[in-house]
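Asker:
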Amino acid sequence: MLLPPKDHAVGKMPAKQLLLHEEVLANGLHLRCREAGNRYFGDYHRVVVAVEIHLPLDHHGLGKLDPALLARARARYGASLVTHKTLERMGVAGAEVTQVQQALLTAFLKQAHAYLARPDMPARMLVAELERQRSSVHLSPLR
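So the numbering used here is basically just the index in the sequence shown, starting at one, shifted up by 1.
#1: Measuring CB to CB, does His60 end up less than 8 Å from Pro123?
#2: According to DSSP, Ala94 sits in a beta bridge with which residue or residues?
#3: What is the DSSP secondary structure of Pro68, reduced to helix, strand or coil?
#4: Three or more C-beta pairs closer than 8 Å, one from the segment 33–53 and one from the segment 85–94: is that the case here?
#5: Spatial neighbours of Leu26 within its chain, please: C-beta separation below 6 Å, excluding the five flanking residues on both sides.
#6: Using only the alpha-carbon positions, how far apart do Arg135 and Ala96 sit?
#7: Among all the DSSP beta bridges, which residues are the ones paired with Thr99?
#8: Assuming contact is defined by CB atoms lying nearer than 8 Å, are Leu20 and Arg35 in contact in what I supplied?
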């Protein structure tokens, strides 16, 4: 029986995520887009582009925020806040995977780049994420 390498967690597939796009915006946001799809049946693929948006919490654009809010954010998220977005298309033939990846990525950048690049976006993103986290803590389970 073959055993996985010591640094490989049992039951996890090795990460094969090719970096498709990386960009640091003038407002401090850092975008990383990676390929994260798989082949699921015959020549049919699930094309997934995993988008990570990194916000360094020491960025000068956050200086106008309340220091207590920034301290709370640093305590919760560490050095940076990372949000995720998944772009996905199912049933893609093997010969079209690269084209579909590029189409998904291009459409996302065309649609989202204008608001992600706004100077006030990092502060808005941080406040919204803290509010989302706070409101999810106050939800009570259904009985």
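From the three backbone atoms N, C-alpha and C, an ideal C-beta is built for every residue, glycine too.
Answerer: Let me lay it out:
#1: Yes. Within cutoff.
#2: According to DSSP, Ala94 bridges with Tyr45.
#3: In the structure shown, Pro68 falls within a helical segment according to DSSP collapsed to helix, strand and coil.
#4: A contact is defined here as three or more CB-CB pairs under 8 Å, and the segment 33–53 meets this definition with respect to the segment 85–94.
#5: Closer than 6 Å at the Cβ level, and outside the excluded window around Leu26, lie Ala118.
#6: Take the alpha-carbon of Arg135 and the one of Ala96: they are about 45 Å apart.
#7: Thr99 pairs with nothing; no bridge assigned.
#8: Less than 8 Å divides the Cβ of Leu20 from the Cβ of Arg35.
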